[in-house]
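Every letter in the sequence shown is one number past the one before it in my numbering, and letter 150, counting from 1, is 153.
Ideal Cβ positions, reconstructed from N, Cα and C, are used throughout, including at glycine.
Below is one structure, written out as structure tokens; the observations come after it.
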Amino acid sequence: MRRFTDLYTALDETTKTNEKIDAMRRYFSDAPPEDAAWVIFFLSGRTPRRAVNARKLSEWAADEAGIPMWLFGESYDAVGDMAETITLVLPETGADVTGAPELPLHVWVEQRLLPLQGLPEPEQHAAILQAWRALDRQERFIWNKLITGGFRVGVSQKLVVRALAQVSGIDDAVIAHRMMGSWSPTPAFYRALTAGDTGESDISRPYPFYLAYPLEGDLSTLGEVNDWQAEWKWDGIRAQVIRRAGEVFIWSRGEELVTERYPEIAEAAAALPDGLVLDGELLAWRDEGVQPFAQLQRRIGRKTIGKKLLSEIPVIFMAYDLLEWEGADERSQPLHARRAHLERLITAVGVPSLRLSPTITAATWEELGAQSMESRVRRVEGLMLKRRESAYGVGRQRGDWWKWKVEPYTIDAVLIYAQRGSGKRASLYTDYTFGVWDDAGTLVPFAKAYSGLTDEEIRDVDRFIRQNTQEKFGPVRTVKPELVFELAFEGIQRSARHKSGIAVRFPRILRWRTDKPIQEADSLDTIRALLPDEG
Numbered sequence: 004m005r006r007f008t009d010l011y012t013a014l015d016e017t018t019k020t021n022e023k024i025d026a027m028r029r030y031f032s033d034a035p036p037e038d039a040a041w042v043i044f045f046l047s048g049r050t051p052r053r054a055v056n057a058r059k060l061s062e063w064a065a066d067e068a069g070i071p072m073w074l075f076g077e078s079y080d081a082v083g084d085m086a087e088t089i090t091l092v093l094p095e096t097g098a099d100v101t102g103a104p105e106l107p108l109h110v111w112v113e114q115r116l117l118p119l120q121g122l123p124e125p126e127q128h129a130a131i132l133q134a135w136r137a138l139d140r141q142e143r144f145i146w147n148k149l150i151t152g153g154f155r156v157g158v159s160q161k162l163v164v165r166a167l168a169q170v171s172g173i174d175d176a177v178i179a180h181r182m183m184g185s186w187s188p189t190p191a192f193y194r195a196l197t198a199g200d201t202g203e204s205d206i207s208r209p210y211p212f213y214l215a216y217p218l219e220g221d222l223s224t225l226g227e228v229n230d231w232q233a234e235w236k237w238d239g240i241r242a243q244v245i246r247r248a249g250e251v252f253i254w255s256r257g258e259e260l261v262t263e264r265y266p267e268i269a270e271a272a273a274a275l276p277d278g279l280v281l282d283g284e285l286l287a288w289r290d291e292g293v294q295p296f297a298q299l300q301r302r303i304g305r306k307t308i309g310k311k312l313l314s315e316i317p318v319i320f321m322a323y324d325l326l327e328w329e330g331a332d333e334r335s336q337p338l339h340a341r342r343a344h345l346e347r348l349i350t351a352v353g354v355p356s357l358r359l360s361p362t363i364t365a366a367t368w369e370e371l372g373a374q375s376m377e378s379r380v381r382r383v384e385g386l387m388l389k390r391r392e393s394a395y396g397v398g399r400q401r402g403d404w405w406k407w408k409v410e411p412y413t414i415d416a417v418l419i420y421a422q423r424g425s426g427k428r429a430s431l432y433t434d435y436t437f438g439v440w441d442d443a444g445t446l447v448p449f450a451k452a453y454s455g456l457t458d459e460e461i462r463d464v465d466r467f468i469r470q471n472t473q474e475k476f477g478p479v480r481t482v483k484p485e486l487v488f489e490l491a492f493e494g495i496q497r498s499a500r501h502k503s504g505i506a507v508r509f510p511r512i513l514r515w516r517t518d519k520p521i522q523e524a525d526s527l528d529t530i531r532a533l534l535p536d537e538g
């Protein structure tokens, strides 16, 4: 646990990429496989299921600290993070379990953390207290992060891959591929991950997804338009369809196996030849057109899909790349070759649920820009630009794939509620709810946004909120309606779940409209006019 805590501290104390990679490289260079596997598990964003609910942890921590629950609540309200609050209020006690602080990480996880899930409450309580009393303050903080499911540190999986590649001498792309899909943090997994040749026997394993950057600069910097393949940027769920050894697997970009949630796609993919991997988008599709993402959301998270939902929200797989053919990795082939092969394949299979993402032809960038103006009518987010000679890379890279999104919707709204942020912003009000005018002249909640302001603006808004709080509802503050902000969002859809009757996608703050009184903020009528069926 001590070495893992030291690694966390080293990663948390720097923002420099090379220093983070170097800290991980030092750790993995001599860490035992049984510990290293768990470190990869946690650093790559995976977490065990929470074993103890936050209320019980709060009560036990308050009791151990000898403070009333109201004081713990106030402390949490000020700190904004449960694990950190518990760590700060607990008294400093020496280790009362001989040698416990020196136990390796895998013992803490496998013999202390995971068994909590099956213990009766009194035994959970005793085990938690034993751990709190055995660890020093920084170790206790890490332990609290693990038991609350809130372990996060400023490291991407891409950086973990780079560190492991340096330690093992294995190419980054190979390490990234081996970390995809389902795996357990065992010594065998770690040895296979860093071994020279494992045979890659897992037939379900997807490839790392290649991601595009937002378009930067002028289009003319990209060279000739004919050097690029243009496609619509679909608003769905990025996925890979895998057909190997007579079986079908569907993986989302979040490395979640979702085969059972899209049975119509799994059934259609059974017609594909063996040894095949396709990259594309899962889309709600009806009447020969894509449906709003809100429709697809009704199927997200459902492990079982009934006939009614299948009928109401049919889904297709829009393929736009071929990554594997007859068991061979095709990613190093140029895009135009992969695309030609993909076109022949989809045409030959001829299954309506498996479609080919159409390309867009244009003689000039100006002509392509004119076609991009059709994006909203087509219910897409804009265009994807891919260099025809490009290989299929790993992760987000600049240069060969760009996303050219249409300008977002924008409206002016009034700040009406606020809540403290988390992590380093836990002491500031940074989570905002904005309202717009309804037909009766009342401000109704419309959207929440957490980003878009500078640090100086956040401090100014925080000061205003503290001086103009009208009511308190737990951590939420009702704010005097006085500040107007311009909000941007990508999509808009009717929603019975929202008080305004409207849901938007990816809302964020564009700017603080200090020049506008609240009377000039937008109304629901103005926003309804943006709806695809009413604009």
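**OP:** Give a yes or no on whether the C-beta atoms belonging to PHE437 and LEU513 are separated by under 8 Å.
**Re:** Along the sequence shown, read from residue 1 onward, the residue named residue 437 stands at position 434. Along the sequence shown, read from residue 1 onward, the residue named residue 513 stands at position 510. If you check the CB distance, PHE437 and LEU513 do not come in under 8 Å.
Subject >> Local Cβ density within 10 Å of PHE44, reported as buried at 16 or more and exposed below that >> reply: The residue you call residue 44 lines up with position 41 of the sequence shown. So PHE44 ends up on the buried side.
**OP:** Can you check the segment 348-412 for any beta strand (DSSP E) of at least 3 residues that lies completely inside it and give the ranges in chain order?
**Re:** Counting only runs of 3 or more, we get 357-359, 385-390, 404-408.
Subject >> Residues near VAL479 in its chain [Cβ-Cβ closer than 7 Å; skip 5 each side] >> reply: For the purposes of this step, residue 479 is taken as the residue at position 476 of the sequence shown. Excluding positions up to five away in sequence, the list reads TYR420, GLN422.
Original post:
Is ASP33 buried or exposed, if buried means 16 or more other CB atoms sit within 10 Å of its CB?
Top reply: Your numbering for residue 33 matches position 30 in the sequence shown. Under this definition ASP33 is an exposed residue.
**OP:** Would you check if there are 3 or more beta carbon pairs closer than 8 Å linking the segment 292-311 to the segment 237-256?
**Re:** Yes, the segment 292-311 touches the segment 237-256.
Original post:
Exposed or buried, SER61, counting other C-beta atoms within 10 Å across all chains shown (16 or more means buried)?
Top reply: For the purposes of this step, residue 61 is identified with residue 58 of the sequence shown, where counting begins at 1. It counts as buried.
Original post:
Does the Cβ of MET72 have 16 or more other Cβ atoms within 10 Å, making it buried, or fewer, making it exposed?
Top reply: Looking up residue 72 in the sequence shown gives position 69. Exposed, since its Cβ has fewer than 16 Cβ neighbours within 10 Å.
**OP:** Assuming ARG196 and ARG181 form a contact by the criterion Cβ under 8 Å, report the distance between their Cβ atoms to the nearest whole angstrom.
**Re:** Walking along the sequence shown from the start, residue 196 turns up at place 193. Walking along the sequence shown from the start, residue 181 turns up at place 178. The question names Arg, yet the displayed sequence has Leu at residue 196. At roughly 5 Å, the Cβ-Cβ gap stays under 8 Å, so LEU196 and ARG181 are in contact.
Subject >> Buried or exposed by the 16-neighbour rule on C-beta atoms within 10 Å, applied to ARG226 >> reply: Residue mapping note: residue 226 aligns to position 223 of the sequence shown, counting from 1. The residue asked about is misnamed: residue 226 is Gly in this sequence, not Arg. The Cβ neighbour count for GLY226, taken over all protein chains shown within 10 Å, is under 16; the residue is labelled exposed.
Subject >> Opposing strand residues paired with TRP237 [DSSP bridges] >> reply: Taking the first residue of the sequence shown as 1, we reach residue 237 at position 234. In the DSSP output, where bridge partners are listed per residue, TRP237 has none listed.
Original post:
Given that a residue counts as buried once 16 or more other Cβ atoms are within 10 Å of its Cβ, and exposed if not, what is GLU469?
Top reply: Reading the sequence shown from its first residue, position 466 is the one you call residue 469. In the sequence as presented, Glu is not what sits at residue 469; that position holds Arg. Flag for ARG469 reads exposed.
Subject >> Delimiting residues of the beta strand (DSSP E) encompassing LEU222 >> reply: Numbered from 1 along the sequence shown, position 219 holds the residue referred to as residue 222. Per DSSP, LEU222 belongs to no beta strand (DSSP E) and is neither H nor E.
**OP:** State buried or exposed for THR151, treating a residue as buried only when at least 16 other CB atoms are found within 10 Å of its CB.
**Re:** Counted from its first residue, the sequence shown places residue 151 at position 148. Buried: at least 16 other Cβ atoms inside 10 Å.
**OP:** Report the residue from GLY309, GLU113, ASP528 whose alpha carbon sits nearest the alpha carbon of VAL42.
**Re:** For the purposes of this step, residue 42 is identified with residue 39 of the sequence shown, where counting begins at 1. Of GLY309, GLU113, ASP528, the residue nearest in Cα terms is GLU113.
Original post:
Going by the beta-carbon positions, is the gap between ASP38 and LEU149 smaller than 8 Å?
Top reply: Along the sequence shown, one-based indexing puts residue 38 at 35. Along the sequence shown, one-based indexing puts residue 149 at 146. In this structure, ASP38 keeps its C-beta atom at 8 Å or more from the C-beta atom of LEU149.
Original post:
Of the choices PHE31, LEU286, ILE521, whose alpha-carbon is the least far from that of THR445?
Top reply: Taking the sequence shown and counting its residues from 1, the one referred to as residue 445 is at position 442. Checked all of PHE31, LEU286, ILE521; the closest Cα to THR445 is ILE521.
Original post:
For SER360 versus ALA322, is the C-beta distance shorter than 8 Å?
Top reply: Taking the sequence shown and counting its residues from 1, one reaches residue 360 at position 357. Taking the sequence shown and counting its residues from 1, one reaches residue 322 at position 319. Less than 8 Å separates the beta-carbon of SER360 from that of ALA322.
Original post:
Can you tell me whether VAL158 is buried or exposed, with buried defined as 16 or more other CB within 10 angstroms of its CB?
Top reply: In the sequence shown, residue 158 corresponds to position 155, counting from 1. Buried, since its Cβ has 16 or more Cβ neighbours within 10 Å.
Subject >> Sequence ranges, alpha helix (DSSP H) only - wholly within the segment 53-77, length at least 4 >> reply: For secondary structure counted as the alpha helix (DSSP H) over 4 or more consecutive residues, the segment 53-77 holds these complete runs in sequence order: 57-68.
Original post:
With C-beta atoms as the reference, is ALA272 less than 8 Å away from ARG246?
Top reply: Position 269 of the sequence shown, counted from the first residue, corresponds to residue 272. Position 243 of the sequence shown, counted from the first residue, corresponds to residue 246. Taking 8 Å as the Cβ cut-off, ALA272 and ARG246 qualify as a contacting pair.
Original post:
Do you know how far the Cα of GLN300 is from the Cα of PHE449?
Top reply: For the purposes of this step, residue 449 is identified with residue 446 of the sequence shown, where counting begins at 1. For the purposes of this step, residue 300 is identified with residue 297 of the sequence shown, where counting begins at 1. So the two alpha carbons sit approximately 19 Å from each other.
**OP:** State the Cα-Cα distance for the pair ALA373 and MET387, rounded to the nearest angstrom.
**Re:** For the purposes of this step, residue 373 is taken as residue 370 along the sequence shown, with counting starting at 1. For the purposes of this step, residue 387 is taken as residue 384 along the sequence shown, with counting starting at 1. When rounded, the distance between both Cα atoms is 14 Å.
**OP:** Using the Cα positions of ASP99 and ARG29, report the straight-line distance between them to the nearest angstrom.
**Re:** By 1-based counting over the sequence shown, the position of residue 99 is 96. By 1-based counting over the sequence shown, the position of residue 29 is 26. Low confidence applies to ASP99: its pLDDT is 46, below 50, so where it sits in the model is not reliable enough to give any reading.
Original post:
Can you tell me whether DSSP reads ARG194 as helix, strand or coil?
Top reply: Numbered from 1 along the sequence shown, position 191 holds the residue referred to as residue 194. ARG194: helix per DSSP, three-state reduction.
Subject >> Residues that GLN232 bridges to, as DSSP identifies them >> reply: Position 229 of the sequence shown, counting from 1, holds the residue named residue 232. Note: GLN232 is bridge-paired with LYS389 in the DSSP secondary-structure output.
Original post:
From the beta carbon of THR529, is the nearest beta carbon of chain B less than 8 Å away?
Top reply: Considering every chain present, this structure includes no chain B. It has just one protein chain.
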